[in-house]
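Student: Chains as they are written, first to last, in my numbering: chain H, 1 to 113; chain Z, 114 to 206; chain A, 207 to 314; chain S, 315 to 648.
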Amino acid sequence: MDFFNYWVVIALMMTGLYIVMAQQNLVKKLLGLNIFQTAIFILYISVAKVLGGTAPIYTESATLYSNPLPHVLILTAIVVGIATMALALALVVRIHGAYGSIEDDEIRDRSKQ
Amino acid sequence: MTVLLFVAATMLLVMLIAIVRALLGPTIYDRILAVNLFGTKTVLLIAVLGFLFGRPEFLDIALIYALINFISVIAVLRYFEYGSSTDGTRENS
Amino acid sequence: MLEQGNIVSHICLLVGAFLILSGGLGILRFPDFFTRMHAAGITETLAATLIIVGLMIIAGWGIVQLKLFFILLFVMITSPTASHALAKSALHGGLQPKVKNVVDGDSP
Amino acid sequence: MIVTQALDVVLLLLLVMTAVAIARVKDLFATVMLSGIYGLLSASFFVLMDAVDVAFTEASVGAGIFPLLMLAVLSFVGRYEADSKRRVALPVFLLTLVSGAVLLLATTQMPAFGGEDTPAQQHVAVRYIEDSPQEIGIPNMVTSVLASYRGFDTLGEVLVIFTATIGVVVVLLGVVQPGKARSLPADEDMADHKVLRIVGKMLIPLILLFALYVQFHGDYGPGGGFQAGVIFATGIILYAMLFGLSNAQRVLPMPLLRGLTALGVMIYGSVGVAGLLAGGNFLDYSVLASDPVSGQHLGILLIELGVGVTVASSMVLIFYAFSLTTSSDGSVER
Numbered sequence: 001m002d003f004f005n006y007w008v009v010i011a012l013m014m015t016g017l018y019i020v021m022a023q024q025n026l027v028k029k030l031l032g033l034n035i036f037q038t039a040i041f042i043l044y045i046s047v048a049k050v051l052g053g054t055a056p057i058y059t060e061s062a063t064l065y066s067n068p069l070p071h072v073l074i075l076t077a078i079v080v081g082i083a084t085m086a087l088a089l090a091l092v093v094r095i096h097g098a099y100g101s102i103e104d105d106e107i108r109d110r111s112k113q
Numbered sequence: 114m115t116v117l118l119f120v121a122a123t124m125l126l127v128m129l130i131a132i133v134r135a136l137l138g139p140t141i142y143d144r145i146l147a148v149n150l151f152g153t154k155t156v157l158l159i160a161v162l163g164f165l166f167g168r169p170e171f172l173d174i175a176l177i178y179a180l181i182n183f184i185s186v187i188a189v190l191r192y193f194e195y196g197s198s199t200d201g202t203r204e205n206s
Numbered sequence: 207m208l209e210q211g212n213i214v215s216h217i218c219l220l221v222g223a224f225l226i227l228s229g230g231l232g233i234l235r236f237p238d239f240f241t242r243m244h245a246a247g248i249t250e251t252l253a254a255t256l257i258i259v260g261l262m263i264i265a266g267w268g269i270v271q272l273k274l275f276f277i278l279l280f281v282m283i284t285s286p287t288a289s290h291a292l293a294k295s296a297l298h299g300g301l302q303p304k305v306k307n308v309v310d311g312d313s314p
Numbered sequence: 315m316i317v318t319q320a321l322d323v324v325l326l327l328l329l330v331m332t333a334v335a336i337a338r339v340k341d342l343f344a345t346v347m348l349s350g351i352y353g354l355l356s357a358s359f360f361v362l363m364d365a366v367d368v369a370f371t372e373a374s375v376g377a378g379i380f381p382l383l384m385l386a387v388l389s390f391v392g393r394y395e396a397d398s399k400r401r402v403a404l405p406v407f408l409l410t411l412v413s414g415a416v417l418l419l420a421t422t423q424m425p426a427f428g429g430e431d432t433p434a435q436q437h438v439a440v441r442y443i444e445d446s447p448q449e450i451g452i453p454n455m456v457t458s459v460l461a462s463y464r465g466f467d468t469l470g471e472v473l474v475i476f477t478a479t480i481g482v483v484v485v486l487l488g489v490v491q492p493g494k495a496r497s498l499p500a501d502e503d504m505a506d507h508k509v510l511r512i513v514g515k516m517l518i519p520l521i522l523l524f525a526l527y528v529q530f531h532g533d534y535g536p537g538g539g540f541q542a543g544v545i546f547a548t549g550i551i552l553y554a555m556l557f558g559l560s561n562a563q564r565v566l567p568m569p570l571l572r573g574l575t576a577l578g579v580m581i582y583g584s585v586g587v588a589g590l591l592a593g594g595n596f597l598d599y600s601v602l603a604s605d606p607v608s609g610q611h612l613g614i615l616l617i618e619l620g621v622g623v624t625v626a627s628s629m630v631l632i633f634y635a636f637s638l639t640t641s642s643d644g645s646v647e648r
């Protein structure tokens, strides 16, 4: 059970990777990337956790805290993630405008013509 | 303590049900209903977790969900209102 | 006195949990959207109220209780609003409630 | 402890289930809804792992902006995936299985979950936990690390958000000729949802107020500029959705937002330069006031303000760009 979190992280990562590689739809691919990203968040947060510890906000009653550093990294990563996701979605919108489709194979066909 | 744990377990069970409903659909309204239900359950679960682990001052997270959870409902109404429940494809037009 | 508060809060929490479970069953088992929405919407407000009141009793007087009160307030405002808007939109969008002796083929 | 682990297992299993469901469902609308659930679940998980600040961020992003952007895009590009003829799924599936297995093998070398003496809990973490309440003078260690110890990192992150926003605006609105641009498409202001509008009217001030609370309470509880910015933007976006984009633009016009986005980054950078001028290092706040601790307080306050301004205006700007593009029927270029 010691590694259960890491196993789940791997399962989620692979699900995300599978979506990114196997699905043709660009929006779906982005959702896959989102899953992959969240898997990495979960990895960091799991590493930060100390069993029996508490949230890293100082109180009189606690001495054992979880590690605040990964929290910082992931906190900013989430907001950066939504900004970059917006950029990717903007590109999807423009691709749809240019090719009339957001399916990978159709776009490839049409760009060959 | 035990009671709180029991409540948390119930919440998780209902969350599972909501996932199933979001997966099955069949209409977009069912899915958005499931997400909304899930959101309320998350509010309650986070509140209960705070008490379970003895740091109930972190209710802000539940508070923010309670405040903005229904935005996704509004977004669905805004972008998928009327008629798009059956067919949303605007491709090939 | 404290014992009594505990019992009351436990009852609130347990009844709340039961209502949540019944709402969950409803959303899983009921035949069409409107009945499911009925199950979810009605149990949700009362269940949330009971659970949060239960937690408020445990918390005792203070900032935590105030925050819980605000959560309750917001859930009470937003949840019925969302249900209302959804039901209205579904009805306008052409989704008909399933009535017993109407036989038309468009029910899901 | 056993409770934590049990909840941990259940939540993670639900997460995996949702992820697999996202992979399998063909209806993109359903996948977006499931992604919303995925976000809610991961927020609960973060609370369980004591990462309250992270959960807060995930809550404000995952409940507000993320589904909104996705739905806006879906309403534009269509809801259903095409049935792709080229099935490459099996080799890809095998490939992911193999790489998953390799990674799985690697986990056996990892230190066990939740240990007190794992490498991750040594080195700087000890110092942050033990010294920051005295050194920085605020109880929230995450804010201390974010704004002070690793302030330079955070400056980078804010710059990334800034750049991404410029990218979105350029990509979506860049090609429209200024002459005939912005003839606002039939402004959808949801006028037939009276109840929603009234409730929205009640809630929007509360959301904005709560954002300010989160902004300035970030030193003492979970919160800070990132979360506050997103929440504030959510309030504005809610207004724009309920009362029409043109009304929202009257409150916060695009040029103002563009300026604010840059202003936030500039506030951040200026605080760093102020540190230099006062004789310290870049982003060293101790020299900003006579007493190092109050200098830290001042620096963190200003930095969080810069972050909040940039994040809030970026998110609103992104929403504007998307709704200007996607609500006009037909293609972007005309």
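We put the beta carbon where it would ideally sit given N, CA and C, even for glycine.
These numbers come from a predicted model, not from an experiment.
1. Do S:MET516 and A:ILE283 have their C-beta atoms closer together than 8 angstroms?
2. List the residues of chain Z whose Cβ lies closer than 8 angstroms to the Cβ of S:PRO536, in chain order.
3. Starting from S:ALA373, find everything on chain Z with Cβ-Cβ shorter than 8 angstroms and list it in chain order.
4. So, using beta-carbon positions, are Z:THR155 and S:ALA335 closer together than 8 angstroms?
5. What are the residues that DSSP puts in a beta bridge with H:GLU103?
6. Compile a chain-ordered list of the residues in the region 36-56 of chain H whose CB is closer than 8 angstroms to at least one CB of chain Z.
7. Looking at Z:ARG168 and H:THR63, is the spacing between their C-beta atoms short of 8 angstroms?
8. From the DSSP output, in three-state form, read off Z:ASP173 for me.
9. Name, please, each residue of chain Z whose Cβ falls closer than 7 angstroms to the Cβ of S:GLY350.
10. Could one say the Cβ of Z:ALA188 lies closer than 8 angstroms to chain A's Cβ atoms, at least one of them?
11. The ligand ADP and S:GLY535: does the residue's C-beta get closer than 7 angstroms to at least one heavy atom of that ligand?
12. Hey, would you say S:PHE343 sits closer than 8 angstroms to S:LEU388, going by beta carbons?
13. Among the residues of its own chain, which have a CB less than 6 angstroms from the CB of S:ASP445, if the five just before and after it don't count?
14. Just to confirm the assignment: which complete alpha helix (DSSP H) runs, minimum length 4, are found wholly within the region 23-75 of chain H?
15. Within 10 Å of its beta-carbon, does S:GLU618 have 16 or more other beta-carbons around it, so buried, or fewer, so exposed?
16. If the criterion is Cβ atoms closer than 8 angstroms, does the pair S:LEU486 and H:VAL93 meet it?
17. Would you mind stating whether S:LEU329 and H:LEU12 have Cβ atoms separated by less than 8 angstroms?
18. Grouping DSSP H, G and I as helix and E and B as strand, with all else coil, what is S:ALA333?
19. Which partner residues of S:ASP341 appear in the DSSP bridge assignment?
20. Run through DSSP, which three-state label would S:ASN664 get?
21. Use the C-beta contact count for H:THR84: other C-beta atoms within 10 angstroms, 16 or more gives buried, fewer gives exposed.
22. Can you find a C-beta in chain A that's less than 8 angstroms from the C-beta of Z:ALA160?
23. Within the 8 angstroms Cβ cut-off, does A:ILE248 reach chain Z?
24. Are S:GLN610 and S:ILE450 closer than 8 angstroms when you measure CB to CB?
25. Of all the options Z:LEU125, Z:ILE132, Z:THR115, which has the alpha carbon lying nearest to the alpha carbon of A:ILE217?
26. Starting from the C-beta of S:VAL521, find all residues in its chain whose C-beta is less than 6 angstroms away, skip the five residues before and the five after it, and write them out in chain order.
Tutor: In this structure, then:
1. yes
2. Residues of chain Z passing the Cβ test: PHE171, ASP173, ILE174.
3. Near S:ALA373 (Cβ distances below 8 angstroms), the residues of chain Z are ILE174, ILE177, TYR178.
4. Taking a C-beta distance under 8 angstroms as the contact criterion, Z:THR155 and S:ALA335 do not qualify as a contact pair.
5. H:ASN25
6. THR54, ALA55
7. Contact: no.
8. helix
9. The answer, in chain order, is VAL148, SER185.
10. no
11. This structure lacks the ligand ADP; in fact it carries no ligand of any kind.
12. Contact annotation: S:PHE343 and S:LEU388 have beta-carbon atoms nearer than 8 angstroms.
13. none
14. Those alpha helix (DSSP H) runs which fall completely within the region 23-75 of chain H and span 4+ residues are 26-48.
15. buried
16. yes
17. Taking 8 angstroms as the Cβ cut-off, S:LEU329 and H:LEU12 qualify as a contacting pair.
18. helix
19. S:TYR394
20. Because chain S spans 315 through 648 in this model, residue 664 of chain S falls outside it and cannot be assessed.
21. Taking every protein chain shown into account, the CB of H:THR84 has 16 or more other CB atoms within 10 angstroms, so this residue is buried.
22. yes
23. no
24. Contact: yes.
25. Z:THR115
26. This sequence places Ile at residue 521 of chain S; Val is not what is there. Sequence-distant Cβ neighbours of S:ILE521 in its own chain, meaning closer than 6 angstroms and more than five residues away, are GLY549.
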